[in-house]
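Numbering (this note's numbering), first residue to last: 417 to 823.
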């Protein structure tokens, strides 16, 4: 079997070998080649030590020197070149306490997570596949290298990685691997929220996001979402949703019957970015409230939520067949409001604070409150958005404010 390797990658391998070192492609890139997928990244394992790798290339970065890794940069490629190694104990269930250089490719492959990732390839020697990764690819199986319990005790995140590979490739869990995850599910709590979030994000954005349900079936979910879960989500139609992270997270939490403060807590516990959190909360707020029943209510919604948030919410409802006729009507109304440039926000009003001051209103709290009232009036009746009309109306109601002097 011969793989079409980029020249830059071949150059790194040949340079290492011309200087007396062994070098192989390893891991995900070999797996992808075997599956007929063009790799996005390339990783090389070598008998050379980090201090021996760096002098051989013009540009290198010490990205993981403590783990024996040097990144070699050639043209558009950044390639991690790592010394053959074995790992020490994993006392924190996340990473080895230290690494030991082994000088052996076979020993290096033995420490890897799954058989499909424990293959190596050399341009002239072909594939080294001691754990039958190619057979597991053909059988569409996710199987650990060696004892699954040991692999998951070493790094509990591997349990989520197994589900991610299932979601990405539409594979199934090998029986013993599945049993080990169920046995050790509680150890996922030793993994940082950021690493867990990264894996779940990839599951949700995959072509088979239904694999998320395995978190329930394997007993992982109580240790990941640490508040009572009202419902197990129906994932059947999930893959039809746009591959947008905030949209898919919002749909997931909505189908689990979460709302309000619980959604905020989940986003906070996962340490999601502020922008992602705001979008998820914005979408779920719309999903968990009645749809707007009038043009005024639609304009009111547009005033409080960004259009992309509204449209994402409607797309989720449409995906699940909820009020399809009403959703189409709302979208048509939004299009008309946008096309006709109706006043939606304070900045769209025909008057602003300076106009009110110039008209004689005193500076202070009154200005802001008047503008809010004027906006509500215009949201109800867009034709009122003219300067003279709004100033006259502001004057007529200003006497109702206790701190408003007569004009």
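Cβ coordinates follow ideal geometry from the N, Cα and C atoms, glycine included. The structure presented is a predicted model; accordingly, all values stated were derived computationally and were not measured.
8 Å Cβ shell around residue i - same chain, five flanking residues per side excluded
| i | result |
| --- | --- |
| residue 427 | 490 |
| residue 767 | 787, 790, 803, 806, 807 and 810 |
| residue 722 | 698 |
| residue 684 | 693 |
| residue 493 | 422, 424, 425 and 458 |
| residue 543 | 417, 446, 450, 535, 536, 537 and 550 |
| residue 573 | 510, 604, 607, 611, 612 and 615 |
Environment of residue i [buried if 16+ CB atoms lie within 10 Å]
| i | result |
| --- | --- |
| residue 814 | buried |
| residue 549 | buried |
| residue 740 | exposed |
| residue 672 | buried |
| residue 648 | exposed |
| residue 763 | exposed |
| residue 695 | buried |
| residue 779 | exposed |
| residue 717 | buried |
| residue 556 | exposed |
| residue 484 | buried |
| residue 541 | exposed |
| residue 720 | exposed |
Cα-Cα separation, residue i to residue j
| i | j | result |
| --- | --- | --- |
| residue 669 | residue 679 | 7 Å |
| residue 439 | residue 419 | 16 Å |
| residue 457 | residue 600 | 31 Å |
| residue 424 | residue 701 | 50 Å |
| residue 564 | residue 705 | 45 Å |
| residue 751 | residue 665 | 26 Å |
| residue 667 | residue 775 | 48 Å |
| residue 753 | residue 725 | 16 Å |
| residue 587 | residue 634 | 16 Å |
| residue 760 | residue 495 | 51 Å |
| residue 657 | residue 737 | 12 Å |
| residue 435 | residue 466 | 14 Å |
| residue 595 | residue 453 | 30 Å |
| residue 715 | residue 783 | 23 Å |
| residue 655 | residue 619 | 11 Å |
| residue 746 | residue 797 | 18 Å |
| residue 582 | residue 517 | 32 Å |
| residue 769 | residue 571 | 59 Å |
| residue 771 | residue 777 | 9 Å |
Member of the options whose CA lies at the smallest distance from the CA of residue i
| i | options | result |
| --- | --- | --- |
| residue 526 | 725, 432, 567 and 613 | 567 |
| residue 624 | 562, 570, 496 and 651 | 651 |
| residue 486 | 464, 633 and 518 | 464 |
| residue 460 | 453, 571, 501 and 693 | 501 |
| residue 653 | 635, 551 and 735 | 735 |
| residue 765 | 801, 745, 756 and 797 | 801 |
| residue 592 | 539, 575 and 713 | 575 |
| residue 687 | 614, 707 and 538 | 614 |
| residue 580 | 626, 474, 606 and 536 | 626 |
| residue 660 | 693, 645, 621 and 628 | 621 |
| residue 554 | 448, 432, 454 and 474 | 448 |
| residue 559 | 578, 516, 676 and 629 | 578 |
| residue 432 | 497, 691 and 812 | 497 |
| residue 713 | 749, 617 and 585 | 749 |
| residue 642 | 617, 602 and 629 | 602 |
| residue 441 | 499, 731 and 756 | 499 |
Range covered by the alpha helix (DSSP H) that runs through residue i
| i | result |
| --- | --- |
| residue 745 | 740 to 755 |
| residue 427 | 423 to 434 |
| residue 662 | 661 to 671 |
| residue 597 | 591 to 600 |
| residue 728 | 723 to 735 |
| residue 542 | Residue 542 -> not in any alpha helix (DSSP H); beta strand (DSSP E) instead, spanning 542 to 544. |
| residue 792 | 781 to 796 |
| residue 364 | Residue 364 lies beyond the residue range present for the chain, which begins at 417 and ends at 823; the question has no answer from this structure. |
| residue 532 | Looking at the DSSP string, residue 532 is not in any alpha helix (DSSP H), and its letter there is neither H nor E. |
| residue 619 | 609 to 620 |
Contacting residues, own chain, Cβ-Cβ under 6 Å from residue i (five flanking each side not counted)
| i | result |
| --- | --- |
| residue 728 | 663 and 699 |
| residue 476 | 470, 486 and 488 |
| residue 744 | none |
Same chain only: Cβ atoms within 7 Å of residue i, ignoring 5 sequence neighbours per side
| i | result |
| --- | --- |
| residue 561 | 526, 528, 529, 530, 531, 534, 547 and 567 |
| residue 640 | 604, 612 and 631 |
| residue 794 | 759, 765, 800 and 801 |
| residue 645 | 637 and 672 |
| residue 413 | In this structure the chain extends from 417 to 823, so residue 413 is not present and cannot be described. |
Residue range of the unbroken beta strand (DSSP E) whose run includes residue i
| i | result |
| --- | --- |
| residue 442 | 439 to 442 |
| residue 478 | 476 to 480 |
| residue 699 | Per DSSP, residue 699 belongs to no beta strand (DSSP E); it is in the alpha helix (DSSP H), 690 to 703. |
| residue 629 | No beta strand (DSSP E) holds residue 629; DSSP gives it neither H nor E. |
| residue 561 | Where residue 561 is concerned, there is no enclosing beta strand (DSSP E), given that its DSSP letter is neither H nor E. |
| residue 389 | Lying before the first or after the last residue shown, residue 389 is absent from the chain, which here runs from 417 to 823. |
| residue 494 | 493 to 499 |
| residue 461 | 459 to 462 |
| residue 536 | 536 to 538 |
| residue 637 | Here residue 637 belongs to no beta strand (DSSP E), and DSSP marks it neither H nor E. |
Beta carbon proximity, residue i to chain D, threshold 8 Å
| i | result |
| --- | --- |
| residue 723 | The structure shown contains no chain D; it holds only a single protein chain. |
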